[in-house]
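Under this note's numbering, the first residue of the sequence shown carries the number 1, and numbering increases by one thereafter.
Beta carbons: idealized from backbone N, C-alpha and C, even for Gly.
Data block below; observations after.
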Amino acid sequence: MSLHKYLVILLPLIIWSCKDQEKSSYLEEIEVMTLKLDSLETVSKNQNTDSIPRIVLTIEETIHKVKKNYIADTIDLKIATMMNKYKDAKKSLSSNTGNLAKAKDAIPEVKEKLKDLKHDIENGVGDREKYEQYINFEKSKIEEIEEILNYYIKTSTKYINQFRTAHPKVTNFADSLERENAK
Numbered sequence: 001m002s003l004h005k006y007l008v009i010l011l012p013l014i015i016w017s018c019k020d021q022e023k024s025s026y027l028e029e030i031e032v033m034t035l036k037l038d039s040l041e042t043v044s045k046n047q048n049t050d051s052i053p054r055i056v057l058t059i060e061e062t063i064h065k066v067k068k069n070y071i072a073d074t075i076d077l078k079i080a081t082m083m084n085k086y087k088d089a090k091k092s093l094s095s096n097t098g099n100l101a102k103a104k105d106a107i108p109e110v111k112e113k114l115k116d117l118k119h120d121i122e123n124g125v126g127d128r129e130k131y132e133q134y135i136n137f138e139k140s141k142i143e144e145i146e147e148i149l150n151y152y153i154k155t156s157t158k159y160i161n162q163f164r165t166a167h168p169k170v171t172n173f174a175d176s177l178e179r180e181n182a183k
């Protein structure tokens, strides 16, 4: 009978202890995810987006100058390839800015969801059996934000470098066409 009394007392304590450990584990995961979001937010805010519209405008102006002064005859394959890369840089940089905006918009939304989830877990609110599922869902959102942000940085770097390589050559070509037509 004495053993039965101990089991009656110990069993709820063991279950409560496990639930408390689970709760602590969930809260730690939320803290780690919040720190990750803070880091992603810092990275997104440190992106120099001011230069991209200027680069796109410069490309448009230079292409216009080439079109205005180019007389359809034949064009050197190297120049044609360079012009295509130049145009690709404009197109890619223009469309890629949406990725940064997408990441910047998603970060506060996920932060808010994590804050709500943390509150629910701390207070034992909602469907406790689904806490892990909710945490995994928010983790996947954070991974998606990170992928989008990494893609934005990689793509922007690639096409800004492509612009920097091609721009002097395309500008020289446009200027030479303009000089020839001025004669």
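Under 7 Å Cβ to Cβ from residue i, same chain only, skipping five residues before and after it: list those, please.
i, result
"Phe137", "none"
"Thr155", "Ser92, Asn96"
"Thr171", "Thr62"
"Lys23", "Ile121"
"Lys87", "Ile63"
"Ile79", "Phe173"
Leaving out five residues on either side along the sequence, give the residues of the same chain with a beta carbon under 6 Å from the beta carbon of residue i.
i, result
"Ala106", "Ile145"
"Lys111", "Leu37"
"Glu41", "Ile107"
"Ala90", "As written in the sequence, residue 90 is Lys, which differs from the Ala given in the question. The residues are Val56, Ile59."
Output the distance between the C-alpha atoms of residue i and residue j, rounded to the nearest integer angstrom.
i, j, result
"Asn96", "Gln21", "43 Å"
"Arg164", "Lys183", "30 Å"
"Ala174", "Glu28", "59 Å"
"His64", "Thr81", "17 Å"
"Tyr150", "Ser94", "The sequence shown places Asn at residue 150, not Tyr. Straight-line Cα distance between these residues: approximately 17 Å."
"Ile30", "Gly98", "28 Å"
"Val220", "Ile52", "Absent from the structure is residue 220, since the part of the chain shown begins at 1 and ends at 183."
"Leu177", "Tyr70", "6 Å"
"Ser39", "Leu117", "20 Å"
"Ile75", "Glu143", "46 Å"
"His167", "Lys67", "15 Å"
Keeping to the same chain, check which residues put their C-beta closer than 8 Å to that of residue i; ignore five residues upstream and five downstream.
i, result
"Leu11", "At Leu11, the pLDDT of 49 sits below 50, so the modelled position is not reliable; the number obtained from the coordinates is stated separately. Correct list: empty, nothing qualifies."
Original post:
Should the region 118-132 be called in touch with the region 41-52, which here means at least 3 C-beta pairs below 8 Å?
Top reply: no
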